[in-house]
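Q:
What follows is the structure, encoded as structure tokens:
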């Protein structure tokens with residue numbers, strides 16, 4: 009049995025991803041949020057964006073499993089994955105001060121160190137969506153939604169580990 013309502017699933021996935029991006033990009037620039045200090049809000053909006061985006065891979069997988077919307081679902085997964093990777097690059101590159109304990113003088117010098125993290129972040133949507141599509145194609149929609157969300161959690165965790173490995177907080181500290 010093939011999943012039905014795949015166009016609604018794709019619409020919901022796109023809306024959740026766009027809402028997550030809005031929470032990350034638009035909301036921190038507004039002056040209306042005075043509830044917490046900026047550092048607390050920075051952590052809160054990342055958590056909120058991650059939570060909002062968790063159902064998206066499963067929803068994309070449900071759309072991907074339907075032959076009528078497979079092409080659109082693949083396009084959405086690829087486009088949003090590339091967009092996530094580009095946003096992560098745009099966020100990381102300005103913050104990279106050193107690569108291999110040498111100062112970064114141009115943004116291009118930070119690109120090789122930042123690219124693995126951006127690729128991992130982009131894969132955090134596409135790979136779980138493909139796994140969810142396989143399950144949804146077998147009629148296991150609930151398992152597809154769960155696998156998509158759990159796959160995204162694992163990929164986001166691996167992205168955080170990649171960020172710490174590529175940009176160690178004290179990696180270039182002088183010996184004591």
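In this note's numbering, the protein residues as written are 9 to 184.
Ideal Cβ positions, reconstructed from N, Cα and C, are used throughout, including at glycine.
1. Secondary structure at residue 161, three-state DSSP: helix, strand or coil?
2. Can the beta-carbon of residue 131 be found less than 8 Å from the beta-carbon of residue 89?
3. Run through DSSP, which three-state label would residue 75 get?
4. Exposed or buried, residue 114, counting other C-beta atoms within 10 Å across all chains shown (16 or more means buried)?
5. Please check the pair residue 68 and residue 32, which I expect to be a contact at CB under 8 Å, by giving their CB distance rounded to whole angstroms.
6. Would you kindly work out how many angstroms separate the C-alpha atoms of residue 70 and residue 141, rounded to a whole number?
7. Is it true that the stretch 134 to 149 meets the stretch 82 to 101, where meeting means three or more beta-carbon pairs spaced less than 8 Å apart?
8. Can you say whether residue 65 is buried or exposed, counting buried as having 16 or more other CB atoms within 10 angstroms of its CB?
9. For a test of the three-state rule: what should DSSP assign to residue 142, helix, strand or coil?
10. If you drop the 5 nearest sequence neighbours on each side, which residues of the same chain put their C-beta closer than 8 Å to that of residue 44?
11. Looking at the structure shown, is residue 127 part of a helix, part of a strand, or coil, going by DSSP?
12. Could you give the first and the last residue of the continuous alpha helix (DSSP H) run that contains residue 23?
13. Three-state secondary structure (DSSP) at residue 110?
14. Count the other CB atoms within 10 Å of the CB of residue 159; is the residue buried (16 or more) or exposed (fewer)?
15. Is there contact between the stretch 53 to 62 and the stretch 100 to 120, where contact requires at least three CB pairs shorter than 8 Å?
16. Check the C-beta distance from residue 125 over to residue 161 and give it rounded, since I have them as a contact under 8 Å.
A: According to the structure data:
1. As a working mapping, residue 161 is identified with position 153 in the chain shown. It is helical.
2. Locating residue 131 in the chain shown gives position 123, counting from the first residue. Locating residue 89 in the chain shown gives position 81, counting from the first residue. In contact: residue 131 and residue 89 (Cβ atoms closer than 8 Å).
3. Within the chain shown, residue 75 is the residue found at index 67, counting from 1. Residue state, collapsed to three classes: coil.
4. Numbered from 1 along the chain shown, position 106 holds the residue referred to as residue 114. Exposed.
5. Here the question's residue 68 lines up with position 60 in the chain shown. Here the question's residue 32 lines up with position 24 in the chain shown. At roughly 19 Å, the Cβ-Cβ gap does not stay under 8 Å, so residue 68 and residue 32 are not in contact.
6. The count along the chain shown starts at 1 and reaches residue 70 at position 62. The count along the chain shown starts at 1 and reaches residue 141 at position 133. Rounded to whole angstroms, residue 70 to residue 141 spans 6 Å at the Cα level.
7. yes
8. As a working mapping, residue 65 is identified with position 57 in the chain shown. So residue 65 counts as buried.
9. Within the chain shown, residue 142 is the residue found at index 134, counting from 1. It is helical.
10. Locating residue 44 in the chain shown gives position 36, counting from the first residue. Any reading at residue 44 must be qualified, since the residue scores a pLDDT of 48, below 50, and its modelled position is unreliable; the value itself is stated next. Closer than 8 Å at the Cβ level, and outside the excluded window around residue 44, lie 52.
11. Position 119 of the chain shown, counted from the start, is the residue given in the question as residue 127. Helix, per DSSP.
12. Within the chain shown, numbered from 1, the residue matching residue 23 stands at position 15. Residue 23 -> alpha helix (DSSP H) spans 14 to 33.
13. For the purposes of this step, residue 110 is taken as the residue at position 102 of the chain shown. Here residue 110 sits in strand by DSSP.
14. Sequence index remark: in the chain shown, residue 159 carries index 151 (1-based). Answer is buried; the Cβ neighbour count reaches 16.
15. no
16. Counted from its first residue, the chain shown places residue 125 at position 117. Counted from its first residue, the chain shown places residue 161 at position 153. Their Cβ separation, rounded to whole angstroms, is 17 Å, which puts residue 125 and residue 161 out of contact at 8 Å.
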